[in-house]
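Going by our numbering, the sequence shown opens with residue 49, and the numbers climb by one from there.
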Amino acid sequence: MSLVIPSLSPATLTELVDALVERGWYLGEGVVDAGLCRALYDELEERVAHRAMQAAGIGRGEEHSLRRDIRGDTIHWLDRATLAQRHYLGAMAELQQELNQALYLGLFEFEAHFAHYGPGTFYKKHRDSFRGRANRVVSTVCYLNPDWGPADGGEMVLYDPEDETREVARVVPRAGSFACFLADRVPHEVLPTARPRASIAGWFRRNASLNGVIDPAY
Ligand SMILES: O=C(O)CCC(=O)C(=O)O
Ligand SMILES: [Fe+2]
Numbered sequence: 049m050s051l052v053i054p055s056l057s058p059a060t061l062t063e064l065v066d067a068l069v070e071r072g073w074y075l076g077e078g079v080v081d082a083g084l085c086r087a088l089y090d091e092l093e094e095r096v097a098h099r100a101m102q103a104a105g106i107g108r109g110e111e112h113s114l115r116r117d118i119r120g121d122t123i124h125w126l127d128r129a130t131l132a133q134r135h136y137l138g139a140m141a142e143l144q145q146e147l148n149q150a151l152y153l154g155l156f157e158f159e160a161h162f163a164h165y166g167p168g169t170f171y172k173k174h175r176d177s178f179r180g181r182a183n184r185v186v187s188t189v190c191y192l193n194p195d196w197g198p199a200d201g202g203e204m205v206l207y208d209p210e211d212e213t214r215e216v217a218r219v220v221p222r223a224g225s226f227a228c229f230l231a232d233r234v235p236h237e238v239l240p241t242a243r244p245r246a247s248i249a250g251w252f253r254r255n256a257s258l259n260g261v262i263d264p265a266y
C-alpha cells in the first residue's frame, strides 16, 4: 500500500455530488484504490478467520435485536487500529468535506463497519434511516472482494424512492466499487450471496439529540 492517502479522484467527487443531487444515489467502479481495498480485505479475512466479528442486528439502542431472517452479516466497527482503516477514513473525511461544501449537509461524523456475509446470507430491503430521525444522512458502501462472478449473487439492489418495487440499479460487490446514497430515501437490499462477501458500510451523520440524549451510534 502506498504512503500517500488514496483519495477519491476529483472527477469521482464531482460525479458523486451531481448524482446525489440528481437522483439520490451514486455508483462507481474502480473508485477506491486497489491496494487499499486489498489491505482492508486482508484485514477483514483475518478477523473472520479468528472469529473476531460480531453478529449484526437491526434497530438502534434499546430496540436493537438480532434477526437473521432480515440480515445475516457479521460486523466489526472501524476503530482506526490499522493504517488501512486510517487511510479509508481519511478518504471518507475528504468526501465529507466535499459533501458539506457542495450540498451544505452539515455532516459532522462518519461511522463505518466491516461487513462479512457468509454463503446463503442476505440483507432484506430497508432504508438506513427514517425521516424525522435522519441522523444518518448519507450511506456509503465500499466493496472488497478481489473477484466476483455472475453466479456469485450478493448484489446490492437499489430501488426507486417513489416506487419501492422498481429496481433502479444493481451493484456487483467487486473491489474498487463504491456506492453512496441518501440514507432516508433509497430502499436497498443485499441479495443472497453464494460466496463470502466483504465490504465496508458507512454513514455520514448529523448530530441528532432528542431531549438532550444523544442518539446511540448503533
Ligand atoms: O453491503 C451492502 O451492499 C449494503 C449493506 C447495507 O445495506 C447496510 O449495511 O445497511
Ligand atoms: Fe443498508
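From the three backbone atoms N, C-alpha and C, an ideal C-beta is built for every residue, glycine too.
Bear in mind that the values here come from a model prediction, so they are computed numbers and not experimental data.
Between which two residues does the alpha helix (DSSP H) holding residue i run?
i	result
V220	No alpha helix (DSSP H) contains V220, which DSSP labels as neither H nor E.
M140	131-151
V234	No alpha helix (DSSP H) holds V234; DSSP gives it neither H nor E.
E70	58-71
Check the DSSP bridge columns for residue i and list the partner residues they point to.
i	result
F226	G76, C190
I118	I118 is not bridged to any residue.
A103	T122
Y171	R119, V238
R184	R253
Which residue comes first and which comes last in the beta strand (DSSP E) that contains residue i?
i	result
E159	157-165
R253	245-253
H98	Unbroken run through H98: none, as it is neither H nor E.
H112	Run containing H112: none; DSSP gives neither H nor E here.
According to DSSP, simplified to helix, strand and coil, what is residue i?
i	result
E203	coil
P264	Only weak support is given to the placement of P264: the predicted model assigns it a pLDDT of 48, under 50, and the question is left unresolved by the model.
E215	strand
T241	strand
I53	coil
Using only the heavy atoms of ligand 3, determine whether one of them is closer than 7 Å to the beta carbon of residue i.
i	result
V189	With respect to small molecules bound, the structure shown includes ligand 1 and ligand 2 and not ligand 3.
Can you find at least 3 beta carbon pairs, one from the region 148-159 and one from the region 190-201, that sit closer than 8 Å?
no
Can you tell me which residues fall inside 7 Å of ligand 2, judged by beta-carbon distance to its nearest heavy atom, and keep chain order?
Y171, H174, D176, S187, H236, A249
Does the pairing of the region 189-197 with the region 240-248 give three or more beta-carbon distances under 8 Å?
yes
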